[in-house]
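Peer 1: Have a look at this one.
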Amino acid sequence: MRHTKIGADGVRHLHTLGPHGTNLEAASHEWLRRRGVRGTVELHSSIESALDAVPDDGQHALVACAVYPELHTLVFGNLHRLHMVDSFIMPTHNMVLATNGVDMPAAVASHPAPTGLVPVGTEIQEVLSNSRAAIECAEGRVEGCITTIVAAENHGLRVVRDFGAVPMVFTVHQVLAVGAEDEQRLPVGAAL
């Protein structure tokens with residue numbers, strides 16, 4: 329019988345959105361640094377696939393951001409094992425419109441969250457992360473992308489517009505299965 333406590337203190341391993349260069353990757357490393365934890369950060373193709381891969385032993389957590397389009401669905405669909413244990417504000421990497429050489433792209437790759445940065449009249453190809461957007465652009469599947477400055481530089485893209493850093497709320501969700509007998513041990517009024 330496991331009696332792991334719900335809370336951030338036992339978290340050592342973070343799972344979040346990749347590939348390398350996402351704001352969520354930076355936020356995960358920052359959360360570990362702020363807490364003085366020597367832990368790991370594992371990157372996944374989506375937040376949803378990350379949750380599917382995370383053990384529910386209480387030492388693992390999912391890192392998301394408040395503007396992630398389906399965060400509400402993810403949280404409420406997994407109340408039995410997903411417990412928000414922390415949140416913090418951190419500026420994102422600078423968000424940029426980048427291209428593979430053209431002055432103004434006809435089509436851009438973008439994660440759904442920052443599509444508001446796409447120039448009016450530009451076709452949008454939705455992808456799973458800001459870093460994935462840079463890869464799609466660098467590999468020529470689209471002419472441009474909304475991405476992070478880090479991903480743009482990593483993939484040799486030309487920055488057409490720099491929107492700057494965005495103060496962002498990041499959330500930490502401990503993954504821990506809590507059964508009925510565990511719920512009975514919680515203090516009255518304690519939230520799962």
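Under this note's numbering, read the sequence shown as residues 329 to 520, first letter to last.
Using N, Cα and C, we set each Cβ at its ideal position, and we do this for glycine too.
(1) Is the segment 388-399 close to the segment 479-491, with three or more CB pairs under 8 Å?
(2) So is T427 buried or exposed if we call it buried at 16+ other beta carbons inside 10 Å?
(3) Whose C-beta lies closer than 8 Å to the C-beta of V403 among residues of the same chain, with five residues either side of it excluded?
(4) Give me the residue from E471, S415, N406 with the minimum Cα distance to M432.
(5) How would you write the range of the beta strand (DSSP E) that I463 sits in, first residue to last?
(6) By Cβ distance below 8 Å, which residues in the same chain neighbour L317 in space, the five residues on each side in sequence not counted?
(7) Would you mind giving the Cβ-Cβ distance between M418 and A355, rounded to the nearest angstrom? I have them listed as a contact below 8 Å.
(8) Whole angstroms is fine: what's the gap from E376's alpha carbon to V382's?
(9) Pair every Cβ in the segment 461-471 with every Cβ in the segment 351-365, then say whether three or more of these pairs are closer than 8 Å.
(10) What is the DSSP secondary structure of T450, counted as helix, strand or coil?
(11) Nearest to A414 by alpha carbon, out of T499, A505, V506?
(12) Let me know the secondary structure DSSP gives D431 once reduced to three states.
(13) Can you list, in chain order, the residues of its chain whose CB lies under 7 Å from that of V478, leaving out five sequence neighbours each side?
(14) Use the C-beta contact count for H398: other C-beta atoms within 10 angstroms, 16 or more gives buried, fewer gives exposed.
(15) Return the chain-ordered list of same chain residues with a C-beta closer than 7 Å to the C-beta of P495, the five sequence neighbours on each side being excluded.
(16) Reducing DSSP to helix, strand and coil, say where E481 ends up.
(17) Please classify R513 as buried or exposed, where buried requires at least 16 neighbouring CB atoms within 10 angstroms.
(18) Please classify H483: is it buried, with 16 or more other beta-carbons within 10 angstroms of its beta-carbon, or exposed?
(19) Which stretch, first to last residue, makes up the beta strand (DSSP E) that contains E370?
(20) Do P440 and E454 have their C-beta atoms within less than 8 Å of each other?
Peer 2: On the basis of the coordinates in this document:
(1) At 8 Å Cβ cutoff, the stretches do not touch.
(2) Its Cβ being crowded by 16 or more others within 10 Å, T427 is buried.
(3) Only L410, M412, H501 meet the Cβ criterion.
(4) M432 has its Cα closest to that of E471, out of E471, S415, N406.
(5) In the DSSP assignment, I463 falls outside any beta strand (DSSP E) and within the unbroken alpha helix (DSSP H) covering 458-466.
(6) Nothing can be reported for residue 317: it is not among the residues displayed for the chain, which extend from 329 to 520.
(7) Contact between M418 and A355 is confirmed by a C-beta separation of about 6 Å, below the 8 Å threshold.
(8) The straight-line gap from Cα to Cα measures roughly 10 Å.
(9) Segments in contact, no.
(10) In the structure shown, T450 sits in coil (DSSP, three-state: anything other than H, G, I, E or B).
(11) The sequence as given places Asp at residue 414; Ala does not occur at that position. Answer by Cα proximity: T499.
(12) It is coil, neither helix nor strand.
(13) Same-chain partners within the cutoff: G349, H421.
(14) Position check: residue 398 holds Glu in this sequence, whereas His was assumed. Exposed, by the Cβ-count rule.
(15) If we look at P495 and ignore the five residues flanking it on each side, its Cβ neighbours are I417, P419.
(16) Helix, per DSSP.
(17) Unreliable positioning characterises R513 in this predicted model, as indicated by a pLDDT of 41, which lies under 50. The coordinate reading is nonetheless provided below. Only exposed fits R513, as fewer than 16 other CB atoms lie within 10 angstroms of its CB.
(18) Counting Cβ neighbours within 10 Å, H483 comes out buried, since at least 16 surround it.
(19) E370 -> beta strand (DSSP E) spans 368-372.
(20) Taking a C-beta distance under 8 Å as the contact criterion, P440 and E454 qualify as a contact pair.
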